[in-house]
Amino acid sequence: MEPKMNEETELTADEQNVLEQIREIKAFYSYLLNYGLVIALLFLINFIAMPDYIWAIWPALGWGIYVAWHGLNAFDVVNFFGPEWEKKQLEKRLGRKL
Numbered sequence: 001m002e003p004k005m006n007e008e009t010e011l012t013a014d015e016q017n018v019l020e021q022i023r024e025i026k027a028f029y030s031y032l033l034n035y036g037l038v039i040a041l042l043f044l045i046n047f048i049a050m051p052d053y054i055w056a057i058w059p060a061l062g063w064g065i066y067v068a069w070h071g072l073n074a075f076d077v078v079n080f081f082g083p084e085w086e087k088k089q090l091e092k093r094l095g096r097k098l
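Going letter by letter, the sequence shown gives residues 1 to 98 in the UniProt record's numbering.
What follows is the structure in structure tokens.
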């Protein structure tokens with residue numbers, strides 16, 4: 001039987017990092033689902049109300065860039081603010097090496 005994950009379960013630093021990454025991936029999929037639903041609705045409204053001008057492309061592009069960036073960060077493709085950055089910032093503010 002697997003132990004339940006709760007706030008009382010003590011995790012190692014590596015386990016905490018992996019859990020944080022899993023939560024970031026979960027958040028990305030949630031954003032992606034919301035993006036797909038809202039953009040589909042906007043395109044539907046666009047084609048019903050103003051089929052001559054496709055204005056829904058603009059929110060799709062703007063929000064799509066954010067969703068893509070979120071995905072790149074969640075899957076560690078681009079990770080400017082990852083654990084190494086956090087460690088450097090912590091050392092900088094503490095004034096010592098960890």
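Where a beta carbon is used, it is the ideal one built from N, C-alpha and C, also for glycine.
Bounding residues of the alpha helix (DSSP H) (the contiguous stretch that carries V78): Taken as a continuous stretch (DSSP letters only), V78 belongs to no alpha helix (DSSP H), as it is neither H nor E.
Selection from F75, I65, V38 and H70 that minimises the alpha carbon distance to I22: F75
Separation of K92 from L98, as counted between CA atoms: 10 Å
8 Å contact criterion, which L11 and L19 should meet: CB distance rounded: 7 Å
Residues near W55 by beta carbon distance below 8 Å, same chain, minus five either side: N46
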